[in-house]
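Enquirer: When you read off a place in the sequence shown, starting at 1, and then add 1, the result is the number in this note's numbering.
From the three backbone atoms N, C-alpha and C, an ideal C-beta is built for every residue, glycine too.
Predicted, not measured: the structure shown is a model, and the values here were computed from it.
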Amino acid sequence: MERDPKTIVVGVTGGIAAYKTCELVRGLVKRGHRVKVVMTEAATRFVTPLTFRTLTSEPVTVSMWADAPDARIHHISLAEEADVVVIAPCTANVIAKLAHGRADDMLTTTALASEAPLVVAPAMNVHMWRKPVTAGNVATLRARGAVIVEQVSGELACGDVGEGRLAPVEVILEAVEAELVRVRDLAGLRVLVTAGGTREPIDPVRFIGNRSSGKTGFAIAEEAARRGARVSLVTGPSALPDPFGCEVVRVETALQMRAAVLARATDADIIIMSAAVADFRPAIVASDKIKKADAPETIALERNPDILAELGARDDIRAVLVGFAAETTDVETNARGKLAAKGCHLVVANDVSDPTLGFGTDENRVLFVTAAGTERMDVLAKRAIARELLDRTAALVRSR
Ligand code: PMT
Numbered sequence: 002m003e004r005d006p007k008t009i010v011v012g013v014t015g016g017i018a019a020y021k022t023c024e025l026v027r028g029l030v031k032r033g034h035r036v037k038v039v040m041t042e043a044a045t046r047f048v049t050p051l052t053f054r055t056l057t058s059e060p061v062t063v064s065m066w067a068d069a070p071d072a073r074i075h076h077i078s079l080a081e082e083a084d085v086v087v088i089a090p091c092t093a094n095v096i097a098k099l100a101h102g103r104a105d106d107m108l109t110t111t112a113l114a115s116e117a118p119l120v121v122a123p124a125m126n127v128h129m130w131r132k133p134v135t136a137g138n139v140a141t142l143r144a145r146g147a148v149i150v151e152q153v154s155g156e157l158a159c160g161d162v163g164e165g166r167l168a169p170v171e172v173i174l175e176a177v178e179a180e181l182v183r184v185r186d187l188a189g190l191r192v193l194v195t196a197g198g199t200r201e202p203i204d205p206v207r208f209i210g211n212r213s214s215g216k217t218g219f220a221i222a223e224e225a226a227r228r229g230a231r232v233s234l235v236t237g238p239s240a241l242p243d244p245f246g247c248e249v250v251r252v253e254t255a256l257q258m259r260a261a262v263l264a265r266a267t268d269a270d271i272i273i274m275s276a277a278v279a280d281f282r283p284a285i286v287a288s289d290k291i292k293k294a295d296a297p298e299t300i301a302l303e304r305n306p307d308i309l310a311e312l313g314a315r316d317d318i319r320a321v322l323v324g325f326a327a328e329t330t331d332v333e334t335n336a337r338g339k340l341a342a343k344g345c346h347l348v349v350a351n352d353v354s355d356p357t358l359g360f361g362t363d364e365n366r367v368l369f370v371t372a373a374g375t376e377r378m379d380v381l382a383k384r385a386i387a388r389e390l391l392d393r394t395a396a397l398v399r400s401r
């Protein structure tokens with residue numbers, strides 16, 4: 002079937018990997034897209050505009066001040082035409098400019114003016130990549146909704162070995178395609194997500210907590226927002242920055258999390274409880290730091306409310322309810338038990354006995370458990386798990 006051609010604005014910045022952008026552009030053209038290339042001045046030192054002009058049959062823009070092909074303001078018209086803006090390779094310098102909203106050349110001006118999804122494929126020297134300032138800029142872009150196509154490790158053009166190589170062209174192509182077909186299937190829906198681990202104070206400086214980083218819940222919240230949902234994220238302490246476009250409520254304890262969740266639950270269409278909520282809290286919280294000499298032999302605990310079970314039992318909550326199950330044995334059986342006991346429509350089960358997966362890691366292996374059956378997923382990045390989960394949750398919403 003013939004597809005409507007989409008307009009992809011390809012930004013090229015000044016790095017040796019710019020020669021690989023020729024393949025990227027060819028790939029996009031082959032897939033039937035209209036490709037418009039914008040180069041930084043530095044990029045033209047590596048590849049000529051003529052190369053891209055020949056590959057795309059479109060004018061290539063470098064300067065803000067060159068004659069535009071029509072009477073419109075060129076960076077604005079390009080920005081508006083774009084269905085996706087992809088910058089590959091993207092140098093540390095251009096990442097910094099994008100992160101700080103600087104617009105001092107045709108490429109950064111177009112990127113800033115565009116409402117289209119932004120795909121960034123970094124490539125640079127390993128030491129530049131590892132600098133905290135670069136990591137911070139990448140995190141800022143990601144938090145604002147840009148798709149970062151992770152660079153890969155290997156031998157770099159400068160002779161160093163490490164991270165910094167441009168991702169394979171196929172991977173960048175897929176990232177662009179994924180943005181083009183990104184569904185806004187959650188538009189108009191309210192999604193409530195919990196993330197991170199709660200902390201239960203013993204005294205003003207000590208607490209009972211767990212290893213949850215918040216990565217899973219933050220990825221779900223971010224993905225739901227990208228798909229058009231109005232998202233509230235209730236999270237225990239986490240070092241992660243607020244995901245773009247979400248209401249973020251930061252709490253400490255299970256009781257605070259319960260209050261924040263219950264305040265939003267009746268309005269929600271989907272509730273996803275990925276937080277690791279402490280089942281117990283110290284029965285007495287000392288108001289001053291407990292001195293070593295006065296330390297009790299034991300700490301008496303009392304049970305925290307089970308927020309998920311409470312939601313599942315309430316008649317006034319109409320949301321599709323998704324629970325998580327962190328298990329170390331009999332993962333599927335225990336998850337199925339939680340599905341029934343907590344009144345969930347879907348339980349995401351993970352085996353947290355493997356230290357390389359689950360708590361704090363970037364990847365996980367999960368099972369999706371519903372009344373209809375169990376799906377076993379491969380090891381996937383938490384972002385990919387978020388996508389898969391929301392696909393299934395959106396289908397549950399539609400089937401009601
Ligand atoms: O944050 P990350 O580092 O990415 O780690 C992700 C994760 C390992 C925390 C996540 O994948 C996960 O397993 N989350 C659930 C952890 C958990 O508390 O599991 P559970 O089996 O103890 O609880 C079952 C369900 O009940 C969960 O949805 C939990 O949010 C909920 N619950 C539990 C206790 C409680 N008092 N109230 C609850 O609502």
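Starting from Cys159 and walking both ways along the beta strand (DSSP E), at which residues does that stretch end?
Expert: In the DSSP annotation of this structure, Cys159 is not part of any beta strand (DSSP E), being labelled neither H nor E.
Enquirer: What's the call for Met2, buried or exposed, on a 16-neighbour Cβ count within 10 Å?
Expert: Bear in mind that the predicted position of Met2 carries a pLDDT of just 43, short of 50, making it unreliable; the figure below should be weighed with that in mind. Flag for Met2 reads exposed.
Enquirer: Which partner residues does Asn126 have in the DSSP bridge list?
Expert: None; Asn126 has no bridge partner.
Enquirer: Taking 7 Å as the cut-off, is the C-beta of Ala93 nearer than that to any heavy atom in the ligand PMT?
Expert: Result no, Cβ not under 7 Å from the ligand PMT.
Enquirer: Using DSSP with H/G/I as helix, E/B as strand and the rest coil, what is Met2?
Expert: Because Met2 sits at a pLDDT of 43, beneath the cut-off of 50, its placement in the model cannot be relied upon, and the following sentence gives the value as read from the coordinates. Looking at Met2 - three-state DSSP - the assignment turns out to be coil, as it is neither helix nor strand.
Enquirer: Per DSSP, which one or two residues make a beta bridge with Ala196?
Expert: Note: Ala196 sits in a beta bridge opposite Thr236.
Enquirer: Taking 7 Å as the cut-off, is the C-beta of Gly215 nearer than that to any heavy atom in the ligand PMT?
Expert: yes
Enquirer: Can you tell me whether Pro306 sits near the ligand PMT, meaning its C-beta is under 7 Å from at least one heavy atom of the ligand?
Expert: yes
Enquirer: Leu309: beta carbon under 7 Å from a heavy atom of the ligand PMT?
Expert: yes
Enquirer: Tell me, which residues are paired with Asn351 by DSSP?
Expert: In the DSSP output, where bridge partners are listed per residue, Asn351 has Ala327 and Val367.
Enquirer: Is it buried or exposed for Glu201, if we count other Cβ within 10 angstroms and need 16 for buried?
Expert: buried
Enquirer: Based on the DSSP secondary-structure assignment, which residues constitute the bridge partners of Gly374?
Expert: Thr371
Enquirer: List the DSSP bridge partners of Phe208.
Expert: For Phe208, which the question treats as bridged, DSSP gives the partners Pro202.
Enquirer: Run the proximity test for Lys343: is its beta-carbon closer than 7 Å to any non-hydrogen atom belonging to the ligand PMT?
Expert: yes
Enquirer: What do you get for Leu390, buried or exposed, if any count of 16 or more other CB atoms within 10 angstroms of its CB means buried?
Expert: buried
Enquirer: For Ala225 and Val192, what's the separation of their Cα atoms in angstroms?
Expert: 7 Å
Enquirer: Going along the chain, which residues of its own chain have a beta-carbon closer than 6 Å to the beta-carbon of Lys98, five neighbours each way excluded?
Expert: Thr109
Enquirer: Using the Cα positions of Ser233 and Cys247, report the straight-line distance between them to the nearest angstrom.
Expert: 6 Å
Enquirer: With Ile285 as the anchor, note down where its alpha helix (DSSP H) starts and where it stops.
Expert: Counting along the chain, Ile285 falls outside any alpha helix (DSSP H), and DSSP gives it neither H nor E.
Enquirer: Would you kindly work out how many angstroms separate the C-alpha atoms of Asp363 and Lys216, rounded to a whole number?
Expert: 7 Å
Enquirer: Would you mind sorting Cys91 into buried or exposed? The rule is 16 or more other CB atoms within 10 Å of its CB.
Expert: Under this definition Cys91 is a buried residue.
Enquirer: Could you give the uninterrupted runs of the beta strand (DSSP E) lying entirely in the stretch 59-124, keeping only those of 3 residues or more?
Expert: 85-91 and 119-123
Enquirer: DSSP beta-bridge partners for Leu322?
Expert: In the DSSP secondary-structure assignment, Leu322 is bridged to Ile272.
Enquirer: Does the beta-carbon of Thr357 have 16 or more other beta-carbons within 10 angstroms, so that it is buried, or is it exposed?
Expert: When all chains shown are included, Thr357 counts as exposed.
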